[in-house]
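Asker:
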Amino acid sequence: MHDENKTGGDFDRRDFLKITGAAGLAAVLARPQPTWAASEAPIKIGMVDPITSTFAALGHSEIKGAKFAEAEINKAGGIMGRPLQVLVEDSAGNPGTAVDKSSRLVSQDKVDFLMGTVNSAASLAVSQFAAQHNKLFLCTGGHVDSLTGKECKSTTFRTCSTTWMLTAGDFEAISSKFGKKWYFLTTDYAFGQSEQADYTTQLKKVGGTVVGGALAPVGTTDFSSYLIDVKAKAPQVLCLLLAGNDQVNAMKQIAQFGINKDIAVAGALIELEQLQSLPETARYGWWTMEWYWNQPKTPHVADFVKRFAAANKGEYPTARVWFGYASTYALKLAAEKAKSTETAKVVKAMEGLMLPPEIALQPGNVFYRPQDHQLMLGMFPGHVNPTGKYPSLFDVTEIVPGEKIALPPSETGCMLPRA
Amino acid sequence: MNIVLIFNLFNGLITGAFYALLALGLALILGLNNTINFAQGAFMALAAYFAYTLAPTVGFWGALLIAPVLAGVLGLVVEVFLIRRLYKRDPLYSLLLTFGLAMIMQDMIRTIWGATGVPLLIPESLGHPLSQTYFFLTGYRLFVVAVALVGTGALFAVLRFTRLGIRIRAGNADLETVSALGVNIYLLRTANFVIGIIFAGVAGILAAGQLGLDPTMGDSLLMPAFVAIVVGGVGSLLGSLMGGLLIGVASGVTTAFFPSASEAVIYLIMGLMLVVRPRGLMGQEGLLE
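One line per chain: the protein sequences are F and Y, in this order.
Read in order, the letters of the first sequence are residues 1 to 419 in our numbering.
Read in order, the letters of the second sequence are residues 420 to 708 in our numbering.
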């Protein structure tokens, strides 16, 4: 029985190999001829992002943005006449895996730069790895303050905002509109804790009170028992600082329990990906977006949205898409400015690098601050559009320039060796 | 303070019934197919995605009936072509098989429906609290509890009083003798597996009504189901129900005092149970040895 099965299996496998082999060959032959001279070695960006796990939706968006930029850059002649290659590896949102994959990208694929990460824990781990191996790491999407604060590294830059910027973006609007008695429901890891600390600091400054709070483990599905405590403490604002799918779970249950009818629900970060996965009845609250596709007054944005949608089956770009897109372009611009891919030279070129309007895709000065390597991107506070249909799920009330709300470099705790 | 505690007790029972529902199909498959089905969570997610696709045409209730059957058909294929070949081997083989299957199915979902979650609408009438004070009692949650109780009861009755049930139980006890008596055990096991997957489908759809539906949903549902089975006792459906209720209440009450341990506590209970009473609350001695 055993042997019989084995013979049968062999046949199948061989057929399978034949078919896939033929398909692979066809794919290679069908590929459009590159316009590069064969001698031009590509400039490689190693991108470590979650393709699987609870952060997958956000990871996929960042990768789409980076791949879109890669295609545009190569179509326009590459970087310094060399083609650009973005190599993607799955971190599964796990810091250990993220470091393993970074290590593979550096040692085997010989990438010039590292980029990526969605969750803060993975960002911190890759940042440390990159510093040890003298590679430039451009963090696309991990928000924890310390990455460009106490644990900043001369080789690490960040495109997405700090949690401080996220919380400062909408704190005033929320507290003046709904009140200063807050309850925090926070995800129990670096990102959430950092957000909560930042909000608490700002709340104390204006004489507000924290009436309660709970740390929910990552991956919590059932929030009912947390909500019982929320209801008992009767805050004016329920500040929801959860990430990924946890936020979706909580928002659905809050709506079904009718809690958002009595208590204002607000928080720092909301992503278009999360709003997309919520039914209409569970879309509510005051939040901050880090980038939004609907900016009628900003030049180049509508055009970018159109180009991206055309290349992605009508999908609208999210903030995560923009992170991937802007980060890829930032590395291109820095390498061209440095006329090199050497880490030290590109780091120097990245410091103070101003993103041009067609890449920044928002008003104001958007640049990598030299003191802590943090991008000064704008915040888009606003509220969920309760009757909106995709993609009009959010109303931005104002665009707050990053320069205005980021902690001054002297207060971030970042001490980079100055050249 | 006390009212919060009482609320949490009741609420824990509701959550626990939900866990028990998740555990039901898994317990069935573990019992007769002798398979630790790691793909159970993926089947839950898949059925929920089927329901999401079907709901606009057949409505929520129609989808709740049809989608689990579709998942059951896929379960049939998986059992006949894959799992059946491994019955004679160590259970580790089928565990590895279903583990791989779970990953393949998750990626399949991601390829077809995208990595971003999708909203599954529940009937408007169920999505509200029944009273202002007992706001955690929604029509939907009571419905889930009812399905869990009726499901457990019906399965229990089938296993106890019907010919099929008697054969399944006999198969649990001594497969070779049952087979020697002329019962087609392959058919029996296939039927059992499919029923288990259909239950997974129902549980998955009901879960997606109150949780976010994304490709990884199954992962977060699988663990409480396993814990409920281990605590309740392998081989006992009633035990799985008790196990589910126990961890639901424990987790709920812990949240009231020390929320960050709300997840750890269910594993703590499982650990304690394995040390003190390895067969679980109502399990048979030495079933998996």
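Ideal Cβ positions, reconstructed from N, Cα and C, are used throughout, including at glycine.
#1: Could you check which residue in F:Glu195, F:Lys180 and F:Gly179 has the C-alpha nearest to that of Thr186 of chain F?
#2: Please give me, in chain order, every unbroken run of the alpha helix (DSSP H) with length at least 4 that falls completely inside the region 550-636 of chain Y.
#3: Val621 of chain Y and Ile685 of chain Y - do their beta-carbons sit closer together than 8 Å?
#4: Less than 8 Å between the beta carbons of Glu273 of chain F and Ala57 of chain F, yes or no?
#5: I believe Gly65 of chain F touches Val321 of chain F by the beta-carbon criterion, under 8 Å. Please report the beta-carbon distance rounded to the nearest angstrom.
#6: Going along chain Y in order, which residues have a C-beta closer than 7 Å to the C-beta of Ile270 of chain F?
#7: Checking the sheet assignment: what are the DSSP bridge partners for Met354 of chain F?
#8: Taking buried to mean at least 16 other C-beta atoms within 10 Å of its own C-beta, is Tyr422 of chain F buried or exposed?
#9: Considering only the alpha carbon of each residue, which of F:His373, F:Gly382 and F:Pro381 lies closest to Pro409 of chain F?
#10: Do the region 659-678 of chain Y and the region 549-558 of chain Y make contact, defined as three or more Cβ pairs closer than 8 Å?
#11: Are Pro487 of chain Y and Ala466 of chain Y close, meaning C-beta to C-beta below 8 Å?
#12: Which word fits Arg717 of chain Y, buried or exposed, when buried means at least 16 other C-beta atoms lie within 10 angstroms of its C-beta?
#13: Beta carbon of Asn430 of chain Y, beta carbon of Ile228 of chain F: below 8 Å?
#14: Hey, out of Y:Leu632, Y:Phe575 and Y:Thr472, whose CA is closest to Gln525 of chain Y's CA?
#15: Between Pro235 of chain F and Lys181 of chain F, how many whole angstroms is the CB-CB distance? I'm expecting something under 8 Å.
#16: In the DSSP output, what is Tyr183 of chain F paired with across the bridge?
#17: Thinking Val48 of chain F and Ser102 of chain F are a contact (beta carbons under 8 Å), I'd like their distance in whole angstroms, please.
#18: Please identify, using Cβ separations under 8 Å, the residues of the region 195-228 of chain F that lie next to chain Y, in order along the chain.
#19: Once the 5 residues before and after Pro32 of chain F are set aside, which same chain residues still bring their CB inside 8 Å of it?
#20: Less than 8 Å between CB atoms is the rule here; does Gln431 of chain F satisfy it with respect to chain Y?
#21: With burial defined as no fewer than 16 other Cβ atoms inside 10 Å of the residue's Cβ, what is the status of Ala76 of chain F: buried or exposed?
#22: Write down the C-beta distance between Ala439 of chain Y and Ala619 of chain Y rounded to the nearest angstrom, noting that I regard them as a contact closer than 8 Å.
#23: Do Ala41 of chain F and Arg82 of chain F have their CB atoms nearer than 8 Å?
#24: From the beta carbon of Ser120 of chain F, is the nearest beta carbon of chain Y less than 8 Å away?
#25: Would you mind stating whether Ala669 of chain Y and Ile648 of chain Y have Cβ atoms separated by less than 8 Å?
#26: Which residue wins for smallest C-alpha separation from Leu240 of chain F, given the options F:Gly169, F:Gly285 and F:Leu393?
#27: So is His60 of chain F in contact with chain Y if we call contact Cβ pairs under 8 Å?
#28: Considering only the beta carbon of each residue, do Gly654 of chain Y and Gly450 of chain Y sit closer than 8 Å?
#29: Let me confirm a value: Phe500 of chain Y is counted as buried when at least 16 other C-beta atoms fall within 10 Å, else exposed. Which label applies?
#30: Could you pull out every residue in the same chain whose Cβ sits closer than 6 Å to the Cβ of Ala360 of chain F, ignoring the five residues on either side in sequence?
#31: Give the range of the alpha helix (DSSP H) segment to which Met80 of chain F is assigned.
#32: For the region 271-283 of chain F, list every residue whose C-beta sits within 7 Å of some C-beta in chain Y, in sequence order.
#33: Can you name the start and end residues of the alpha helix (DSSP H) that Gly654 of chain Y belongs to?
#34: Name, going along the chain, the residues of the region 239-254 of chain F whose beta-carbon falls closer than 7 Å to a beta-carbon of chain Y.
#35: Any contact between the region 297-316 of chain F and the region 255-271 of chain F? By contact I mean 3 or more CB pairs, one from each, below 8 Å.
#36: Hey, does Pro487 of chain Y have any beta-carbon neighbour from chain F nearer than 8 Å?
Answerer: On the basis of the supplied data:
#1: Sequence index remark: in the first sequence, residue 186 of chain F carries index 186 (1-based). Comparing Cα positions, the closest option is F:Glu195.
#2: For the region 550-636 of chain Y, whole alpha helix (DSSP H) runs of length 4 or above, ordered along the chain, are 558-580, 582-592, 594-599 and 604-629.
#3: By one-based count along the second sequence, residue 685 of chain Y stands at place 266. By one-based count along the second sequence, residue 621 of chain Y stands at place 202. Inclusion of Ile685 of chain Y and Val621 of chain Y in the CB contact set at 8 Å is not warranted, their separation being larger than that value.
#4: Numbered from 1 along the first sequence, position 273 holds the residue referred to as residue 273 of chain F. Numbered from 1 along the first sequence, position 57 holds the residue referred to as residue 57 of chain F. Result yes, Cβ atoms of Glu273 of chain F and Ala57 of chain F sit closer than 8 Å.
#5: Taking the first sequence and counting its residues from 1, the one referred to as residue 65 of chain F is at position 65. Taking the first sequence and counting its residues from 1, the one referred to as residue 321 of chain F is at position 321. About 4 Å; that satisfies the 8 Å criterion.
#6: Translated into positions along the first sequence, residue 270 of chain F becomes position 270. Near Ile270 of chain F there are no residues of chain Y at all, since even the closest Cβ is about 14 Å away, more than 7 Å.
#7: Counting from 1 along the first sequence, the entry for residue 354 of chain F is found at position 354. Note: Met354 of chain F sits in a beta bridge opposite F:Phe367.
#8: This structure leaves residue 422 of chain F out entirely; chain F is present only between 1 and 419.
#9: Sequence index remark: in the first sequence, residue 409 of chain F carries index 409 (1-based). Per the Cα distances, F:His373.
#10: no
#11: Translated into positions along the second sequence, residue 487 of chain Y becomes position 68. Translated into positions along the second sequence, residue 466 of chain Y becomes position 47. Against a cut-off of 8 Å, the Cβ pair of Ala466 of chain Y and Pro487 of chain Y comes out as a contact.
#12: What the structure shows of chain Y is the stretch from 420 to 708, and residue 717 of chain Y is not part of that stretch, so it cannot be assessed.
#13: The residue given as residue 430 of chain Y occupies position 11 in the second sequence. The residue given as residue 228 of chain F occupies position 228 in the first sequence. In this structure, Ile228 of chain F lies closer than 8 Å to Asn430 of chain Y by Cβ.
#14: Indexing the second sequence from 1 puts residue 525 of chain Y at position 106. Closest by C-alpha distance to Gln525 of chain Y, out of Y:Leu632, Y:Phe575 and Y:Thr472, is Y:Leu632.
#15: Numbered from 1 along the first sequence, position 235 holds the residue referred to as residue 235 of chain F. Numbered from 1 along the first sequence, position 181 holds the residue referred to as residue 181 of chain F. That belief holds up - the Cβ atoms of Pro235 of chain F and Lys181 of chain F are roughly 5 Å apart, short of 8 Å.
#16: The count along the first sequence starts at 1 and reaches residue 183 of chain F at position 183. F:Gly212 and F:Leu238, per the DSSP bridge assignment.
#17: Taking the first residue of the first sequence as position 1, residue 48 of chain F is located at position 48. Taking the first residue of the first sequence as position 1, residue 102 of chain F is located at position 102. Right, the Cβ-Cβ distance comes to about 5 Å (below 8 Å), so this counts as a contact.
#18: Ala214, Leu215, Ala216, Pro217, Gly219, Thr220, Thr221, Asp222, Ser224, Ser225, Tyr226, Leu227 and Ile228
#19: Locating residue 32 of chain F in the first sequence gives position 32, where the first residue counts as 1. Only weak support is given to the placement of Pro32 of chain F: the predicted model assigns it a pLDDT of 48, under 50, and the question is left unresolved by the model.
#20: Because residue 431 of chain F is not part of the residues shown, which for chain F are 1 to 419, the question remains open.
#21: Counting from one through the first sequence, the residue named residue 76 of chain F turns up at place 76. Exposed, since its Cβ has fewer than 16 Cβ neighbours within 10 Å.
#22: On the second sequence, position 20 is the one that residue 439 of chain Y refers to. On the second sequence, position 200 is the one that residue 619 of chain Y refers to. Not really, about 13 Å apart at Cβ, beyond 8 Å.
#23: The residue you call residue 41 of chain F lines up with position 41 of the first sequence. The residue you call residue 82 of chain F lines up with position 82 of the first sequence. Yes, these two residues count as a Cβ contact at 8 Å.
#24: Numbered from its first residue, the first sequence carries residue 120 of chain F at position 120. No, Ser120 of chain F does not count as interfacial toward chain Y.
#25: Mapped onto the second sequence, residue 669 of chain Y falls at position 250. Mapped onto the second sequence, residue 648 of chain Y falls at position 229. Contact flag unset, no.
#26: Sequence index remark: in the first sequence, residue 240 of chain F carries index 240 (1-based). Closest by alpha carbon: F:Gly285.
#27: Residue 60 of chain F sits at position 60 when you count from the first residue of the first sequence. True, the Cβ-Cβ gap to chain Y drops below 8 Å.
#28: Start at 1 with the first residue of the second sequence, and residue 654 of chain Y comes out as number 235. Start at 1 with the first residue of the second sequence, and residue 450 of chain Y comes out as number 31. Pairing Gly654 of chain Y with Gly450 of chain Y gives a Cβ-Cβ distance under 8 Å.
#29: Residue mapping note: residue 500 of chain Y aligns to position 81 of the second sequence, counting from 1. Per the 10 Å Cβ criterion, exposed.
#30: One-based indexing of the first sequence puts residue 360 of chain F at position 360. Val366.
#31: Counting from 1 along the first sequence, the entry for residue 80 of chain F is found at position 80. Counting along the chain, Met80 of chain F falls outside any alpha helix (DSSP H), and DSSP gives it neither H nor E.
#32: Glu273, Gln276, Ser277, Leu278, Pro279 and Thr281
#33: As a first step, residue 654 of chain Y must be located in the second sequence, where it is residue number 235. From DSSP, Gly654 of chain Y is part of no alpha helix (DSSP H); its letter is neither H nor E.
#34: Asn245, Val248, Asn249, Lys252 and Gln253
#35: no
#36: Counting from 1 along the second sequence, the entry for residue 487 of chain Y is found at position 68. No, Pro487 of chain Y lies away from the interface with chain F (no Cβ there is under 8 Å from its Cβ).
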